[in-house]
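One structure below.
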């Protein structure tokens, strides 16, 4: 596709439930990033994939968060036992490594009630 | 500890005038800096970047200035247009666009007629 696609655009879930957030990067982009943006804050790094492997997962807040990118394209961010503090906009970005910055998707707004 | 700081949460400028958005950073290992623009319900979009080997980069109405000794960068928009009204994020990286980005908290720019 022309841009980075994230689904769903909005997700409301109950505390304690499991959620999956999907990211379709720009075709051919080898690098894929997940960020989380809370209200009034800038995007906060979670994890970075280069191809199929997680090159840097230092931003994942705890072991309830996990992400995969099995074929080096689509990525899924998985959150177990969701908590109200997980409520945020989850942004995905992809990059070809060039000097023009990332291309971000529109994000998934996760609300844990 | 906030490594990238945008101390002005908002800025209001008249159309046609210059907008100056400021950003400070604390980590001397950062060597690549970017500005992103964000409209509501959309992901951030790349605007302009600068490498630490330069002190200025210009692209049309947008110019970024970097003062390494002061660990300070600024984005100048001239002339400002109503369509420039958005939240602007400064971001820094330790490598040329292949590493995670550390974002500031953003400055909301309002350009009025």
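Protein chains in written order, with this note's numbering: chain A, 300 to 412; chain B, 382 to 494. Quick reminder that beta carbons are idealized off the backbone N, C-alpha and C, glycines included. Only a predicted model underlies this, so the values are computations on that prediction, with no experimental measurement involved.
Amino acids of chain B, ordered along the chain, whose beta-carbon sits closer than 9 Å to that of residue 355(A): Simply 480 and 481.
Residue 415(B): contacting residues in chain A (beta-carbon distance under 9 Å): 400 and 401, listed in chain order.
Coarse secondary structure for residue 478(B), derived from DSSP in three states: Annotation note: pLDDT 49 at residue 478(B) (below 50); position unreliable, coordinate value reported separately. Coil, per DSSP.
Any chain E beta carbon closer than 9 Å to residue 486(B): You won't find chain E in this structure, because its protein chains are A and B.
The segment 348-355 of chain A in contact with the segment 322-339 of chain A per 3-pair CB rule at 8 Å: Between the segment 348-355 of chain A and the segment 322-339 of chain A there are three or more inter-stretch CB-CB distances shorter than 8 Å, so the stretches are counted as touching.
Chain-ordered residues of the segment 398-427 of chain B with a beta carbon less than 8 Å from chain A: Answer in chain order: 415, 417, 422, 423, 424, 425, 426 and 427.
Identified DSSP bridge partners for residue 467(B): As computed with DSSP, residue 467(B) is found in a beta bridge with 490(B).
Under 7 Å from the C-beta of residue 404(A): neighbouring residues of chain B: Going along chain B in sequence order, the residues near residue 404(A) (Cβ under 7 Å) are 424.
Where the beta strand (DSSP E) containing residue 306(A) begins and where it ends: 304-306 is the span of the beta strand (DSSP E), which, as asked, contains residue 306(A).
Residue 354(B) - containing beta strand (DSSP E), residue span: Because chain B here runs from 382 to 494, residue 354(B) falls outside it and cannot be looked at.
Exposed unless 16 or more other CB atoms sit within 10 angstroms - verdict on residue 387(B): If you draw a 10 Å sphere on the C-beta of residue 387(B), you find 16 or more other C-beta atoms in it, and that means buried.
Closer than 9 Å at the beta carbon, the chain B residues around residue 344(A): Among the residues of chain B, those whose CB is under 9 Å from the CB of residue 344(A) are 481, 482, 483 and 484, following chain order.
Classification of residue 402(B) by the beta-carbon crowding that lies within 10 angstroms, buried from 16 upward: Sixteen is the threshold: when 16 or more other Cβ atoms of the shown chains lie within 10 Å of the Cβ of residue 402(B), as they do, the residue is buried.
contact_flag[the segment 441-456 of chain B, the segment 405-414 of chain B] where n(CB pairs < 8 Å) is 3 or more: In short, these stretches touch, since the Cβ pair count reaches three.
Secondary structure of residue 384(A), DSSP reduced to three states: Here residue 384(A) sits in helix by DSSP.
Among 345(A), 362(A) and 360(A), nearest to residue 354(A) - alpha-carbon criterion: Nearest C-alpha to residue 354(A): 345(A).
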